[in-house]
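Residue numbers (this note's numbering), protein chains in the order written: chain A, 1 to 272; chain B, 273 to 384; chain C, 385 to 552.
Glycine included, C-beta positions come from ideal geometry on N, C-alpha and C.
The structure appears right after this line, and notes come after that.
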């Protein structure tokens with residue numbers, strides 16, 4: 001193990017090599033995704049696939065890790081902010097910055113070993129989960145909300161969708177009603193309140209789950225994860241719905257036709 | 273599963289309809305679906321979803337946004353189905369209660 | 385062209401348990417895995433789904449081979465490929481730890497029967513895997529190329545992720 005990672009040697013002799021060989025996809029490089037990118041670079045992840053069509057600007061400077069005042073002024077694309085940050089921590093990492101939504105480049109998504117979902121909306125999350133399941137990729141999703149009220153309240157969650165284990169629908173994180181309501185809405189919703197510190201809590205939790213997935217350093221081996229964050233009480237708790245869901249097989253994914261690319265036209269002629 | 277005759281009936285409007293199931297929803301791929309007069313492009317790959325999703329009882333997706341005489345609200349953008357991206361306008365209330373070609377015709381009314 | 389083969393932890397468990405069952409005369413058991421595939425940046429993903437064990441009466445009693453199977457087994461595998469639009473991978477187990485590899489008879493026979501799957505599913509990748517107690521290796525025939533491609537990565541998806549064979 002090199003000096004660079006000596007302080008995380010308790011993760012095991014092979015951990016440095018395993019992280020270096022892992023390619024992590026991050027869909028959304030905003031408040032949550034930018035945190036995750038930074039932490040993964042520090043941990044030593046060697047490959048990054050970054051998806052986000054958006055730009056750094058002043059309204060998102062309050063929470064985009066790695067973004068500077070100059071980036072906001074010049075509207076630097078978020079994926080380039082993240083790429084610069086990652087390379088500054090680990091210049092040997094391989095980074096694919098894709099300034100577009102993740103669904104515009106399925107082959108790049110499929111090349112990931114693990115994907116972090118840091119996007120808005122139940123529909124978007126459900127779609128990302130479907131594509132990750134098609135490519136048999138574990139998906140670690142994070143999200144936070146600031147709820148209007150007297151006073152305002154903050155909550156969030158980290159949910160892991162592991163192929164072969166309960167999915168977002170199984171654990172009740174995504175319901176058909178939520179998808180129906182979102183699907184019927186006309187136009188874009190307004191900018192939701194977003195702040196940096198809950199994103200930091202959720203991103204750190206997601207990275208902890210990722211580390212445990214790659215180099216299980218402690219005895220806890222969660223089959224999956226659904227962790228709720230109460231930003232007012234400053235607590236993280238396991239959501240009991242996961243334990244219930246794990247007693248049954250996932251009925252939403254599982255057919256052979258739900259794997260791979262059904263419209264793929266593979267090569268039929270030899271080039272040699 | 274659709275009847276073969278229903279699939280072949282759709283071939284009047286496209287270049288070989290094919291049925292798929294994805295995550296328990298039923299779709300019919302309609303390659304180069306010929307669109308009503310006044311649309312640009314005149315033909316485009318389309319996907320008829322015969323199952324309820326996202327608040328619609330059925331839905332017609334297109335491989336790209338289509339220009340038509342009517343201004344339509346294309347409120348579904350880059351929706352991944354069968355590992356391709358699709359676009360759809362808001363046109364609700366088309367139930368899956370007839371032959372697939374009837375369902376398709378009801379969706380295409382929005383483009384006339 | 386990198387080939388990345390993936391299977392869930394549950395499927396690996398099913399495969400390993402079944403391949404370890406003793407057979408009346410065959411020294412080794414074998415089976416097929418029905419898979420789906422897709423293109424990814426830099427290569428192809430092969431995604432294992434259905435384990436198709438060989439019935440006991442599908443083995444041929446041939447002392448030249450640890451495991452030989454008859455035409456019925458091949459027909460069943462071909463039928464699965466056709467019905468499910470599937471890529472087919474033969475699999476067997478070597479009982480040792482460490483990286484396994486195919487014996488000469490394994491390679492000779494694989495070259496003979498794996499490309500036969502192109503008769504039902506031309507263009508799809510088909511191949512063969514060998515497992516050990518803690519590792520795996522594989523070969524993939526693709527795009528009607530005569531020479532198979534060594535599978536670059538074999539990943540077991542679960543908690544934890546297991547990389548049984550990796551050359552990345």
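task: Please confirm if residue 277 of chain A has its CB atom under 7 Å from at least one CB of chain C.
output: Limits of chain A in this structure are 1 at one end and 272 at the other, which puts residue 277 of chain A out of reach.
field: According to DSSP, residues forming a beta bridge with residue 325 of chain B
entry: Here residue 325 of chain B refers to the residue found at position 53 of the second chain. By DSSP's assignment, residue 325 of chain B forms a beta bridge with B:328.
message: Measuring straight from C-alpha to C-alpha, what distance separates residue 363 of chain B and residue 379 of chain B?
response: The count along the second chain starts at 1 and reaches residue 363 of chain B at position 91. The count along the second chain starts at 1 and reaches residue 379 of chain B at position 107. The straight-line gap from Cα to Cα measures roughly 7 Å.
field: Beta-carbon contacts of residue 245 of chain A that lie in its chain and below 7 Å, excluding the five residues immediately before and after
entry: Here residue 245 of chain A corresponds to residue number 245 of the first chain, with the count starting at 1. Correct list, in chain order: 166, 170, 171.
query: Touch check for the segment 114–121 of chain A and the segment 337–346 of chain B: three-plus C-beta pairs under 8 Å?
result: no
query: Helix, strand or coil: how does DSSP classify residue 145 of chain A here?
result: Residue numbering aside, residue 145 of chain A sits at position 145 when the first chain is read from its first letter. In this structure, residue 145 of chain A counts as strand in the three-state DSSP scheme.
query: Excluding the five sequence neighbours on either side, which residues of its own chain have a C-beta within less than 8 Å of the C-beta of residue 484 of chain C, listed in chain order?
result: Working through the third chain from its first residue, we reach residue 484 of chain C at position 100. Closer than 8 Å at the Cβ level, and outside the excluded window around residue 484 of chain C, lie 478, 514, 515, 516, 519, 520, 521.
query: Quick one: does residue 101 of chain A have its CB under 7 Å from some CB of chain C?
result: For the purposes of this step, residue 101 of chain A is identified with residue 101 of the first chain, where counting begins at 1. No, no contact with chain C.
message: Could you compute how far the alpha carbon of residue 274 of chain B sits from the alpha carbon of residue 231 of chain A?
response: In the second chain, counting from the first residue as 1, residue 274 of chain B sits at position 2. In the first chain, counting from the first residue as 1, residue 231 of chain A sits at position 231. Between residue 274 of chain B and residue 231 of chain A, the C-alpha separation is close to 50 Å.
field: C-alpha distance - residue 535 of chain C paired with residue 94 of chain A, whole-angstrom precision
entry: Stepping through the third chain from its first residue, residue 535 of chain C is reached at position 151. Stepping through the first chain from its first residue, residue 94 of chain A is reached at position 94. Taking the straight line from one Cα to the other gives about 22 Å.
field: Cβ neighbour criterion (16 or more within 10 Å) applied to residue 547 of chain C
entry: For the purposes of this step, residue 547 of chain C is identified with residue 163 of the third chain, where counting begins at 1. The residue is buried, with at least 16 neighbouring Cβ atoms inside 10 Å.
Among C:475, C:505, C:427, nearest to residue 402 of chain C - alpha-carbon criterion: Sequence index remark: in the third chain, residue 402 of chain C carries index 18 (1-based). Comparing C-alpha distances from residue 402 of chain C to each of C:475, C:505, C:427 shows the shortest one belongs to C:475.
Cβ separation of residue 346 of chain B and residue 333 of chain B, assumed to be a contact under 8 Å, to the nearest whole Å: Within the second chain, the letter at position 74 stands for residue 346 of chain B. Within the second chain, the letter at position 61 stands for residue 333 of chain B. No, residue 346 of chain B and residue 333 of chain B are not in contact; Cβ-Cβ is about 11 Å, not under 8 Å.
Top-ranked residue by Cα proximity to residue 529 of chain C, from A:267, A:142, A:259: One-based indexing of the third chain puts residue 529 of chain C at position 145. When each option's Cα is compared against that of residue 529 of chain C, the closest is A:267.
- prompt: Using a Cβ-Cβ cut-off of 7 Å (strictly less than) and excluding sequence neighbours within five positions of residue 297 of chain B, which residues of its own chain qualify?
  reply: For this step, residue 297 of chain B is matched to residue 25 along the second chain. Answer for residue 297 of chain B: 321, 323, 325, listed in chain order.
- request: Check each residue of the segment 415–433 of chain C: if its Cβ is closer than 7 Å to any Cβ of chain E, include it; give the result in chain order.
  value: Among the chains of the structure shown, chain E does not appear; the protein chains present are A, B and C.
- prompt: Which chain C residues sit within Cβ distance under 9 Å of residue 261 of chain A?
  reply: Within the first chain, the letter at position 261 stands for residue 261 of chain A. Within chain C, the residues near residue 261 of chain A are 420, 421, 422, 423, 429.
query: Does the beta carbon of residue 393 of chain C fall short of 6 Å from some heavy atom of the ligand MN?
result: This structure does not include the ligand MN; it has no bound ligands of any sort.
- request: Determine the direct distance from the alpha carbon of residue 404 of chain C to that of residue 63 of chain A, and round the result to whole angstroms.
  value: The residue labelled residue 63 of chain A in the question sits at position 63 within the first chain. The residue labelled residue 404 of chain C in the question sits at position 20 within the third chain. Looking at the two C-alpha atoms, the distance is approximately 54 Å.
- prompt: Taking DSSP as the reference, what is the three-state secondary structure of residue 298 of chain B?
  reply: Counting from one through the second chain, the residue named residue 298 of chain B turns up at place 26. Strand at residue 298 of chain B.
- prompt: Is residue 167 of chain A helix, strand or coil by DSSP?
  reply: In the first chain, residue 167 of chain A corresponds to position 167, counting from 1. If DSSP states are grouped into helix, strand and coil, residue 167 of chain A belongs with coil.
task: Output yes if chain A places a C-beta closer than 7 Å to the C-beta of residue 255 of chain B; else output no.
output: Outside the shown range of chain B (273 to 384) lies residue 255 of chain B, about which nothing can therefore be said.
task: Starting from residue 473 of chain C, find everything on chain A with Cβ-Cβ shorter than 7 Å and list it in chain order.
output: Looking up residue 473 of chain C in the third chain gives position 89. By Cβ distance, chain A contributes nothing, its closest Cβ being about 13 Å from residue 473 of chain C, past 7 Å.
message: Is it buried or exposed, residue 480 of chain C, if we count other Cβ atoms within 10 angstroms and call 16 or more buried?
response: To locate residue 480 of chain C, count along the third chain from 1; it is residue 96. Classification for residue 480 of chain C: exposed.
Rounded Cβ spacing between residue 420 of chain C and residue 494 of chain C (contact assumed at less than 8 Å): The count along the third chain starts at 1 and reaches residue 420 of chain C at position 36. The count along the third chain starts at 1 and reaches residue 494 of chain C at position 110. Going by Cβ atoms, the distance from residue 420 of chain C to residue 494 of chain C rounds to 21 Å, so no, they are not a contact pair.
query: Excluding the five sequence neighbours on either side, which residues of its own chain have a C-beta within less than 8 Å of the C-beta of residue 72 of chain A, listed in chain order?
result: Locating residue 72 of chain A in the first chain gives position 72, counting from the first residue. So the qualifying residues of the chain are 56, 57, 58, 60, 61.
- request: Could you tell me which uninterrupted beta strand (DSSP E) segments, each at least 3 residues in length, are contained entirely in the segment 15–90 of chain A, listed from first to last along the chain?
  value: As far as the segment 15–90 of chain A is concerned, its whole beta strand (DSSP E) runs of at least 3 residues are 23–27, 47–51.
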